[in-house]
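K.L.:
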Amino acid sequence: MLKDHPDHIERLQEVLNQVAYDGRVLLMPFDQAIWALEGRLETFIHEAKADLEAAQVDEDAQAIELARAKEDLMFRARSSNGGMKGLHDLWNYFKENEDAL
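Quick note: the sequence shown uses the working numbering, first residue 4, plus one each step.
1. Counting C-beta neighbours from all protein chains within 10 Å, is the total for Arg43 16 or more, i.e. buried, or is it exposed?
2. Going by DSSP in three states, Asn84 sits in which element: helix, strand or coil?
3. Quick check on the burial criterion: 16 or more other C-beta atoms within 10 angstroms. Buried or exposed for Met4?
4. Can you tell me whether Pro81 is buried or exposed? The criterion is at least 16 other CB atoms within 10 Å of its CB, across all chains shown.
5. Quick check on Leu76: buried or exposed, where buried means 16 or more other Cβ atoms within 10 Å of its Cβ?
6. Start and end of the alpha helix (DSSP H) containing Gly42?
7. Does the distance from the C-beta atom of Ala58 to that of Ala72 stay below 8 Å?
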């Protein structure tokens, strides 16, 4: 879903790394990873809204269109019916590596 936004993918990886390697014993590592992803995706939504507002102030039709598309994408990525619905791979990773977490 975010293949055209490698910087966003990198930022999602950063929060997952923070959850996995912060040195604390995690009681619910899967849940904490989900919360971290949700929080970062919320940040993406806020950033996209700011981009849209800036484009509207500049009255740049092309920038407005791109910003709206980006905002829609970020909402879909955050949605439990969109990007956050297919977390089976993440769950499997946590189950396979639960001794390391």
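Even glycine gets a Cβ: it sits at the ideal position worked out from N, Cα and C.
P.N.:
With the given structure in hand:
1. buried
2. It is coil, neither helix nor strand.
3. exposed
4. One detail in the question is off: residue 81 reads as Arg in this sequence, not Pro. By the neighbour-count rule (16 or more Cβ atoms within 10 Å), Arg81 is buried.
5. With 16 or more other Cβ atoms from the protein chains shown falling within 10 Å of its own Cβ, Leu76 counts as buried.
6. Element bounds for Gly42: Pro32 to Asp61.
7. no
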